[in-house]
Ligand code: 5GP
Ligand code: ZN
């Protein structure tokens, strides 16, 4: 448990949460500022800062828990789709520094919009990037 980590405190039951799922290694609870109805967070019980820091097994277990939760959101809330989101570091919108996956149920008529406008890229630039990133 990390000092001053609100998610560690939620996991330990020292702070309240609307817990909706739990297994040996993970906990899932409702987000207090939901983007859609049922927006939830899945966290590993063991503290890690984010995707660059998390142990591979904790990442696997958290992903599996998110899958289980997605199925439940579909079954119980009748969502039409699901977004999984992770924010790693403030540049990527991370605001709580305990690894978490957002599980966001999506509805055909929900108001969420893609917050970016994908841009076309020249084929040569794509190839240069591929070269830089391979291996
Ligand atoms: P991040 O921006 O780090 O990806 O997401 C953090 C999320 O945690 C936000 O969606 C925020 O609403 C949620 N959150 C922050 N504090 C609390 C809390 O005390 N309880 C719950 N349930 N969610 C929280
Ligand atoms: Zn923590």
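Residue numbers (my numbering): 34 to 168.
Even glycine gets a Cβ: it sits at the ideal position worked out from N, Cα and C.
| query | result |
| --- | --- |
| Give the straight-line distance between the Cα atoms of residue 64 and residue 154, rounded to the nearest whole angstrom. | 36 Å |
| Is residue 97 helix, strand or coil by DSSP? | helix |
| Cβ of residue 41 within 7 Å of any heavy atom in the ligand ZN? | yes |
| Within its chain, find whatever has a CB closer than 7 Å to the CB of residue 7; leave out the 5 residues flanking it on each side and keep chain order. | No answer is possible for residue 7: it lies beyond the span of the chain, which begins at 34 and ends at 168. |
| Taking only the alpha-carbon atoms, compute the straight-line gap between residue 142 and residue 168 and give it to the nearest angstrom. | 42 Å |
| Starting from the Cα of residue 51, find the closest Cα among 100, 69, 73 and give me that residue. | 73 |
| Quick one, are the C-beta atoms of residue 106 and residue 144 less than 8 Å apart? | no |
| Using a Cβ-Cβ cutoff of less than 8 Å, which residues in the same chain neighbour residue 115 once the five nearest sequence positions on both sides are dropped? | 103, 106, 107, 136, 137, 138, 139 |
| Going by the DSSP bridge assignment, what does residue 137 pair with across the sheet? | 116 |
| The ligand ZN heavy atoms versus the CB of residue 35: any closer than 7 Å? | yes |
| In the DSSP output, which residue or residues are listed as bridge partners for residue 73? | 63, 136 |
| Sort out for me which residues DSSP pairs residue 109 with in a bridge. | In DSSP, residue 109 forms no bridge with anything. |
| Give the secondary structure of residue 55 by DSSP, where H, G and I count as helix, E and B as strand, and everything else as coil. | strand |
| Secondary structure at residue 156, three-state DSSP: helix, strand or coil? | helix |
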